[in-house]
Each structure stands twice: as structure tokens, then as C-alpha cells.
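Taking my numbering as reference, the numbering of the sequence shown is continuous, increasing by one, and the terminal residue is 1113.
Remarks on the structure that follows.
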Amino acid sequence: MRGFQAVPVAAVLLWASVAASAQVSKPPVKWSASPNYTSSTRESSYDIDAVVIHTTEGTYSGAVSWFKSPASGVSAHYVVSPTGEITQMVADDNIAWHATYYNKRSIGIECAGYAGKASTWTPALLDSLTKLVAWLCVEYDVPVVHPSGNAYDEPDDTYKKSGVVAHSQVQPWNKSDPGSYFPWVSFMADVAALIAPGTPPPAPLGLSPDGDAPATSPVTLTWSPMDEFAVDTFHVQIERWNGYAWVLHAEGFPVAATTTATISTAGYYRFAVWAHNAAGWGPGSAYAEFYGMPAPPVPAAPAALSPSGGTSKWGPSVAFKWGAVAGADKYEMYLQYYSGGSYKYYYAWTTTTNSKTVWPSATYTYYRWWVRAHNSSGWGPWSGGGSPSAGTGAAKFYFNK
Ligand SMILES: [Zn+2]
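Quick look at the structure:
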């Protein structure tokens, strides 16, 4: 949910907990109590709003015996094995010791395996973890989201987001678990699907552009990805104001949360988005409106090139100049030199100004050159109406040194 956290998170939470609770039950666990915890009466003492995912960096049995040892001073509420067995070691009401300043607000789950090994994420482990996290989200109203960023993004290097988080987000300075192989996107989609099967996605949010500066064709339209709703297709409808009414301009069915719109007539446009998953189409979003402008024509060919006309230039450098072209954001200058009976490539430069100084290394020979201008629509024609590849239309000079 890049960039559009606040509203969707609340919406997800409400939607998930209302639609859900009946289907999700706690998966079977084997109890093996750890002495390492702070006694509490959550959620009356502290609200549980996060689940922290860890890897043990060792075996399942090794982690369980480590957490049973008073000397270790660490624990987790649950440990999940590669075969999907779950050992509960601290009651949810109590505070396990797994993520320093996040302990009071969270449930800690250790996955037997290694942050640096893809083989940690067996289907059986992920299946049990999905069921456990889905139940925890429903039971304690933990948002069904994996929030972005880490502690370094926030004041006092203190992470503050609710949802299903990585240990590495809470303590980025010394923790990397559960690591880059953990499949966050599919995992969160599976959790959401378990919590609310048969529920179409809600209306998409975070549509852009929306009322901002004029957008030049092709316009990139985006909205929040909604990974947690297992969306497989979006429907995008773009309309144009023709002075009397909104008329259909274009529509599409992208699978990612973005598409582009080609604008050939300047004016007001609006678009709405619907999301689809296995359960069907959800409701449409609110319209986002923007002022769309056609792409400008490519820039004209630069003129007034200097040096040109076969003039003789004395070294050591040559100051190339040409007339600025309206709307250009950069230029490409292409230079050839005469050697062994033909013109050969010397070099090409890209510059944002309409001049370039060069120190040619081949002396007492002819040079020829071209320049062209670029804008948001692409490259314009070469100066002189020709091209380097055809060898025509060049500006030419003799370099003496
Ligand atoms: Zn950890």
C-alpha cells in the first residue's frame, strides 16, 4: 500500500473484522511454556496491534529449548516448524521478549529457519503461519497489512506502525529477519483470503493524478495496489468532459495498479477504478479528475550551427554553438572526422545547453557535425535536414590545430 496508508488501513481493519470472524479459528498448537515473559492482561493492559515475524536462525527444537532456558532471556509466543507444527510458549495475554520496544503491542512468531535461506519457507510452514496470523488478526483486530519502511524512517528510530511486521523493521540496526526470501505479497494475500473468503475487494483508493498540475500525454494513472485483497484484475474507465457531459474516452483491464492514457484533445478528464478477485468485482472508486494535454510535437531541427561552411578553425579547442530550440530539454551533438578517405565517428554528446566545447585529437583534417533537440515527445530531426547515418546535411569545418 505504498504511500496511501492511513485511510486504507482503517478500511481494511473494519472490513476484515466485520466480514470475517466466523471462518477463522486458532490452528492447533502444542504448549511448551517459556519462563521468559512479562506477566500482563492484554488487551486490557495493552492493545495488541502488531504481529512480528522472525526466523530462529537455527533449528525448531533448538529454538524451543533456548526459549525454555531462563538464561537466554528471550522468548516468542509461537514457534513454527518446517513441517507446520506450532509450539506456543507464551500466552497471548502476556508479553514475550522478542522485539524490545515492540513487545508490549505485539505477538511474536518465530519461524524455524534462516533469514538468508529461501528453503526456510516450506509450504507447510507458510500454511500454518498463514492460519496463525489470520486468526491473530481477527482475534486482536490487528490490521491485515504489511506496513512499509522501518525504524530509521521515524522519529527517534522508533517504528510505530501496526499490522504484520518484520523484526528487521523494528530493529534494522541489528536484525534482518525474516529476510528477503519471505513472500510478503502472497503471504498477506493468503491471510486476507482466509479471513474473508468470497468477499470482493473494496473500492480502490489513492487515485492519481487527481486535481494536480496539468498532465501531459501519455498520462500515467496509478492507485493503491490492494495486494491484501488478492486482486487479479482492475477495470479503469477514463472519461472526457466534452463541454456538456462526461463521455467515455478509454477503458482498460490492467493487472497491476497502473495504466497509461493517451490524450489527443486538451481538456478535463476523470477516471475511476474497480478491483476484481476470485469473489468478483468490488465497488468503483471515487472519480479522480485531471487536466490532460496532448503531447507536444517533437522539437524543430536546430539551425545557425557554428562552425560550419568549411571554415578553418585553429585549436586547441572548438566551441560548437547552435540556436536554442523552443521547448527543448536537451540536445544531442554528433561529430565525425575525415581519415583514410572517409568520415568516421568521433563522438556524440548530450547536453542541456545549446553549446559544447570539444578538444579534437585529430588535426589537419575535416570535421562534420549535426545536432538535434529533444522534448517530452522525443527527438526532433537532425540539423541540416540530413542525418549522420546518411552523411547528409552536415555542418563542416577544417581543424588546423
Ligand atoms: Zn527476530
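Beta carbons are placed, not taken as given, at the ideal position from N, Cα and C, and that holds for glycine.
Values in this document were obtained by computation on a predicted structure and should not be read as measured data.
Query raised in the report: Using the beta carbon as the reference atom, which residues fall closer than 5 Å to any heavy atom of ligand 1, ordered along the chain?
Result: His766, His879 and Asp889
Report task. Run the CB neighbour count on serine 831, radius 10 Å, all protein chains shown included, and call it buried at 16 or more, exposed below. Result -> exposed
Requested in this report: Check whether the region 1069-1082 touches the region 1048-1059, counting contact only when three or more Cβ pairs, one atom from each stretch, lie closer than 8 Å.
Outcome: yes
Requested in this report: Buried or exposed for asparagine 954, please, with buried defined as at least 16 other CB atoms from any protein chain shown within 10 angstroms of its CB.
Outcome: exposed
Query - Distance CB(threonine 972)-CB(threonine 932) smaller than 8 Å - result: yes
Query raised in the report: How about tyrosine 1046 and alanine 1060: are their beta carbons less than 8 Å apart?
Result: yes
Query raised in the report: If you draw a straight line from the alpha carbon of valine 948 to that of alanine 942, how long is it in whole angstroms?
Result: 18 Å
Report task. Could you pull out every residue in the same chain whose Cβ sits closer than 6 Å to the Cβ of serine 1029, ignoring the five residues on either side in sequence? Result -> Thr1069 and Trp1071
Requested in this report: Assuming valine 763 contacts isoleucine 798 (C-beta within less than 8 Å), just tell me the rounded distance between them.
Outcome: Not a contact, Cβ separation roughly 14 Å.
Requested in this report: Can you tell me which of the three DSSP states tryptophan 896 falls into?
Outcome: helix
Query raised in the report: Which whole-angstrom value describes the C-beta separation of glycine 1032 and serine 1073, a residue pair presumed to lie in contact below a C-beta threshold of 8 Å?
Result: Note on residue identity: the sequence assigns phenylalanine, not glycine, to residue 1032. At roughly 16 Å, the Cβ-Cβ gap does not stay under 8 Å, so phenylalanine 1032 and serine 1073 are not in contact.
Requested in this report: Kindly indicate which three-state DSSP category glycine 1053 falls into: helix, strand or coil?
Outcome: coil
Query - Within-8 Å CB hit, lysine 780 to chain D - result: Here chain D cannot be found, since the structure has a single protein chain.
**Report entry** Distance, proline 890 Cα to methionine 801 Cα
**Finding:** 19 Å
**Report entry** Contact under 8 Å by Cβ, tryptophan 847 with phenylalanine 894
**Finding:** no
Query raised in the report: Should leucine 837 go down as buried or exposed, given a rule of 16 or more other Cβ atoms within 10 Å for buried?
Result: buried
Report task. Could you check if alanine 1102 is buried or exposed, using at least 16 other CB atoms within 10 Å of its CB as the buried criterion? Result -> exposed
Query - Top-ranked residue by Cα proximity to threonine 753, from Tyr772, Tyr790, Ser773 and Ala808 - result: Ala808
Requested in this report: Find the nearest neighbour of tyrosine 860 within the set Pro1006, Val876, Pro867 and Gly994, judged by alpha-carbon distance.
Outcome: Here residue 860 turns out to be serine, not tyrosine, going by the sequence shown. Selected option, being the one with the closest Cα: Val876.
**Report entry** Classification of asparagine 1112 by the beta-carbon crowding that lies within 10 angstroms, buried from 16 upward
**Finding:** exposed
Query raised in the report: Do proline 1014 and serine 1095 have their C-beta atoms closer together than 8 Å?
Result: yes
Query raised in the report: Three or more beta-carbon pairs under 8 Å between the region 873-887 and the region 839-854, yes or no?
Result: yes
Query raised in the report: Which first and last residues belong to the beta strand (DSSP E) in which leucine 919 is found?
Result: Run containing leucine 919: none; DSSP gives neither H nor E here.
Query raised in the report: Which stretch, first to last residue, makes up the alpha helix (DSSP H) that contains threonine 1069?
Result: Unbroken run through threonine 1069 is the beta strand (DSSP E), 1067-1070; no alpha helix (DSSP H).
Query raised in the report: With distances taken between CB atoms, is the gap from glutamate 951 to alanine 904 smaller than 8 Å?
Result: no
Query raised in the report: Can you list, in chain order, the residues of its chain whose CB lies under 7 Å from that of valine 736, leaving out five sequence neighbours each side?
Result: Ala846, Trp847, Val850, Leu906 and Ile907
Query raised in the report: For histidine 988, which of helix, strand or coil comes out of DSSP?
Result: strand
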